[in-house]
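Undergrad: Letter by letter, the sequence shown follows residues 165 to 480 of the working numbering. C-beta atoms are modelled at their ideal positions from N, C-alpha and C, and glycine is treated no differently. Before anything else, here's the structure in question.
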Amino acid sequence: MFTKHLSKPYYLDQLESASRRIAMTHHKHSEIEHWRTKLLSNYYGEKKILPVLTHLSSKESRILFDLRLPLPDHSYCQIDVLIVTRNFALILEVNHSPLPNLTKDYRFMHVNDRIESRMPDPLSQAELQAHQLTYWLTMAGFQSIPIHYFVVLTSPASFIHPSYGSNSQVIHLDQLLTAFQSLDRLYNSSPLEEFELNRLCDLLVIEHTPYQPFILDRFHLHKTDILQGVICPECSNLPMKRVHGRWYCKSCHHTSRNAHVEALKDYQFLFGERITNQRACAFLKLDSSTAALQILNEVACEKSGLNKTLYYVFNE
């Protein structure tokens, strides 16, 4: 049973908007692009693991994607995939890095360009998550649950470096089902009753705290660093111009009725869910506040305030 489904991380949406709206010559663009690529790779790896997990989904197992549980020291236990059964809990640290030699000494060596870069060892990350989850479960009154973990390599080009030896906790995606079944056979008794399993999974969902930073602060950006205007969906040029109810691109001559929708999504991910008519007019580079008002009335799900304090809240 999928208790917490896989969904695109809000932070990834934020990074994608920032990547589109920060000039490539900006000194922060490469850093933003690094994190966007990293998070997108992880999300793609989780999507690849999804079909395999459907074979594990049953009344006896609960699957939760992308958990972020608060800890008393103000840190967080972040888990790609958590499988909870009545017998044990299993952490899956998903890795979809392109062409890595996965080594135990905290390195990924990219074979194609011969560039070696230091990154956290996924096995050490999974081990840390197991310790954090054990502590969290104890605090929640579930101290009797055994916790296991696997690092799951989802890229076909990945291979396990000899430095891991015969460590069975680092596996390829096609080994996951067999590994789970072998683990399940180890247990003859269940520390949890079904109602306790339900209560635990409900608590995990309630305690989940998604990462949704104010991205300008996260990367020390200013509002003036953000490129304004509607981006052309055909050639990515900006800004498009509003002409007789349509958006027109001077570069490729493409026209669109609703190109402003993606622009306003960018605004939401970068600045928040509230926008005023004045800010919409400036961000969309509209000559008419009446046109901005018409657009906001189409896309907003609610509005509040009066006159100059009137703001709109975006639809989901």
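What does DSSP give as the partner residues of Ala304 in its beta bridges?
TA: In the DSSP output, where bridge partners are listed per residue, Ala304 has none listed.
Undergrad: Taking the DSSP output, what are the residues bridged to Trp411?
TA: Trp411 is bridged to Arg406, Ser420.
Undergrad: DSSP on Lys211, reduced to helix/strand/coil?
TA: Note: Lys211 maps to helix in three-state DSSP.
Undergrad: What residue does the alpha helix (DSSP H) around Gln333 start on, and which one ends it?
TA: No alpha helix (DSSP H) holds Gln333; DSSP gives it neither H nor E.
Undergrad: Spatial neighbours of Leu301 within its chain, please: CB distance less than 7 Å, with the 5 preceding and 5 following residues excluded, ordered by chain position.
TA: Gln307, Ile309
Undergrad: Taking the beta carbon of Val369 as the centre, do at least 16 other beta carbons fall within 10 Å, making it buried, or is it exposed?
TA: exposed
Undergrad: Short check: CB of Asn259 to CB of Val315, under 8 Å?
TA: yes
Undergrad: Take Leu450 as the anchor and find which of Trp411, Gln432, Ser468 has the nearest alpha-carbon.
TA: Distances from the CA of Leu450 to each of Trp411, Gln432, Ser468 were compared; the closest alpha carbon is that of Trp411.
Undergrad: Indicate the three-state DSSP secondary structure (helix, strand or coil) for Cys365 in the structure shown.
TA: helix
Undergrad: Taking 8 Å as the threshold (C-beta atoms), are Thr298 and Ile227 in contact?
TA: no
Undergrad: Give me, in chain order, the residues of the same chain whose beta-carbon lies closer than 7 Å to that of Thr440; leave out the 5 immediate sequence neighbours on both sides.
TA: Leu474, Tyr475
Undergrad: Could I get the ranges of all uninterrupted beta strand (DSSP E) runs contained in the stretch 448-474, with 3 residues as the minimum, in chain order?
TA: 464-468
Undergrad: Closer than 6 Å by C-beta to Lys405: which residues in its own chain qualify, once you throw out the five before and the five after it? Chain order, please.
TA: Tyr412
Undergrad: Under DSSP, the beta strand (DSSP E) around Phe166 begins and ends at which residues?
TA: Counted as a single uninterrupted DSSP element, the beta strand (DSSP E) harbouring Phe166 occupies residues 166-168.
Undergrad: For Lys202, which residues from the same chain have a beta carbon less than 7 Å from its beta carbon, with the 5 sequence-adjacent residues on both sides left out?
TA: The answer is none, since no qualifying residue turns up.
Undergrad: If we count the other Cβ atoms within 10 Å of its Cβ and call it buried at 16 or more, is Leu350 buried or exposed?
TA: exposed
Undergrad: Does the stretch 228-246 come close enough to the stretch 357-371 that 3 or more CB-CB pairs lie under 8 Å?
TA: yes
Undergrad: Counting along the chain, where does the beta strand (DSSP E) carrying Tyr175 start and finish?
TA: It is not in any beta strand (DSSP E) - Tyr175 instead sits in the alpha helix (DSSP H) that spans 174-185.
Undergrad: Evaluate Pro264 with the Cβ neighbour count: other Cβ atoms within 10 Å of its Cβ, from every protein chain shown; 16 or more gives buried, anything less gives exposed.
TA: Model confidence at Pro264 stands at a pLDDT of 46, short of 50, so the residue's coordinates are unreliable; what they give is reported in the following sentence. Classification for Pro264: buried.
Undergrad: Are the stretch 451-465 and the stretch 204-220 in contact at 8 Å, needing three or more beta carbon pairs?
TA: no
Undergrad: I'd like the list of long-range same chain contacts for Phe447, defined as Cβ closer than 6 Å, with 5 residues on each side in sequence excluded.
TA: For Phe447, where only same-chain residues beyond five positions count, the Cβ hits under 6 Å are Gln392, Tyr431.
Undergrad: Buried or exposed: which applies to His424, given that a residue is buried once 16 or more other Cβ atoms fall within 10 Å of its Cβ?
TA: buried
Undergrad: Grab me the residues of Leu254's own chain with a C-beta within less than 6 Å of its C-beta, minus the 5 sequence neighbours each way, in chain order.
TA: Same-chain partners within the cutoff: Ile247, His312.
Undergrad: Taking Ala343 as part of the alpha helix (DSSP H), name the residues at either end of that continuous run.
TA: 340-348
Undergrad: Going by alpha carbons, who is nearest to Leu337 out of Pro403, Leu347, Thr318, Ser353?
TA: Thr318
Undergrad: Is Cys445 helix, strand or coil by DSSP?
TA: helix
Undergrad: Would you call Ala294 buried or exposed, if buried means 16 or more other Cβ atoms sit within 10 Å of its Cβ?
TA: buried
Undergrad: Label Val407 either buried or exposed according to how many other C-beta atoms from any shown protein chain fall within 10 Å of its C-beta, with 16 as the threshold for buried.
TA: exposed
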